[in-house]
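For the sequence shown, UniProt numbering assigns the number 1 to the initial residue and increments by one for each residue that follows.
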Amino acid sequence: MSQPKLFSPIRIGDLVLSHRIALAPLTRFRADNNHLHHDIAAEYYSQRAATPGTLLISEATLISPEAIGYDNMPGIWNKDQITAWKKVHKMRTVVDAVHKQGSYIFLQLWAAGRAADPVVLGRKGYPYVCSSPSPLERPGYPSTSPRELSKAEIQQYIQNYAQAAKNGVIEAGFDGVEIHAAKYSLLFPFAPKEN
């Protein structure tokens, strides 16, 4: 009986995965109010990397302070946040904990956009913005229309994504990045079929 392709190795760029199953990004809401990881993060990711050659994709990680959508999500825009990915759980790093298991980890980059909680943004002093002023109807949330981004703000978000990718791969040691562009995120409405 032949081995199913699901369990056969595959190359992604320079990485050779031992199988074709990856850990999907799962939002944990375990960061503190400064968007820094708690000590449990290295243990959490290390456990999921126990089979060598596994690819993990981190939880949605905020690219900039104005990209926030909810409390307790990790960020990657400042040195403290980069260090939190690198030095948590008794100085063991999230990235190193995964690499020690012989596995790989990509950083998922996210800007909330229309998916953000306008109350959280307001409390932190940031505007509720998206590509268009279309409201997102959600039970239990106020029906608030986001402000349309200016061209200058769009350019700033592009720069924020690029810097967050550099922070993740070059500074924190991630093996790659994945961009969160699911429905209602900041990037999704820029897709031709949605806009």
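Just so it is clear, CB atoms sit at the ideal spot from N, CA and C, and this is done for glycine as well.
Residues that residue i bridges to, as DSSP identifies them
| i | result |
| --- | --- |
| E137 | None; E137 has no bridge partner. |
| T61 | L109 |
| E178 | Q108 |
| R147 | V129 |
| L186 | Answer is none; L186 lacks a bridge partner. |
| L15 | I12 |
| L36 | None; L36 has no bridge partner. |
| L6 | Answer is none; L6 lacks a bridge partner. |
| L56 | L23 and I105 |
8 Å Cβ cutoff met for residue i and residue j
| i | j | result |
| --- | --- | --- |
| A22 | L56 | yes |
| P9 | V16 | yes |
| I179 | L187 | yes |
| V119 | I68 | no |
| N34 | D71 | no |
| R48 | A41 | no |
| V95 | G176 | no |
| L6 | R20 | yes |
| A97 | S46 | yes |
| F190 | S131 | yes |
| L107 | I76 | yes |
| S18 | P52 | yes |
| A182 | L109 | no |
| Y184 | R114 | yes |
Residue interval of the alpha helix (DSSP H) (run including residue i)
| i | result |
| --- | --- |
| I21 | Neither: I21 is in no alpha helix (DSSP H) and is coded neither H nor E. |
| E171 | From DSSP, E171 is part of no alpha helix (DSSP H); its letter is neither H nor E. |
| Y45 | I40 to R48 |
Endpoints, the beta strand (DSSP E) within which residue i is located
| i | result |
| --- | --- |
| R11 | I10 to I12 |
Pairs of beta-carbons, one from the stretch 96 to 106 and one from the stretch 145 to 163, closer than 8 Å: are there three or more? No, they do not touch.
Run through the stretch 66 to 124 for me and flag every whole alpha helix (DSSP H) of 4 or more residues, listed as ranges in chain order. Here the runs fully enclosed are 79 to 86, 94 to 100 and 118 to 124.
Any chance the stretch 74 to 85 sits against the stretch 120 to 130, with 3 or more Cβ pairs inside 8 Å? No contact exists between the stretch 74 to 85 and the stretch 120 to 130.
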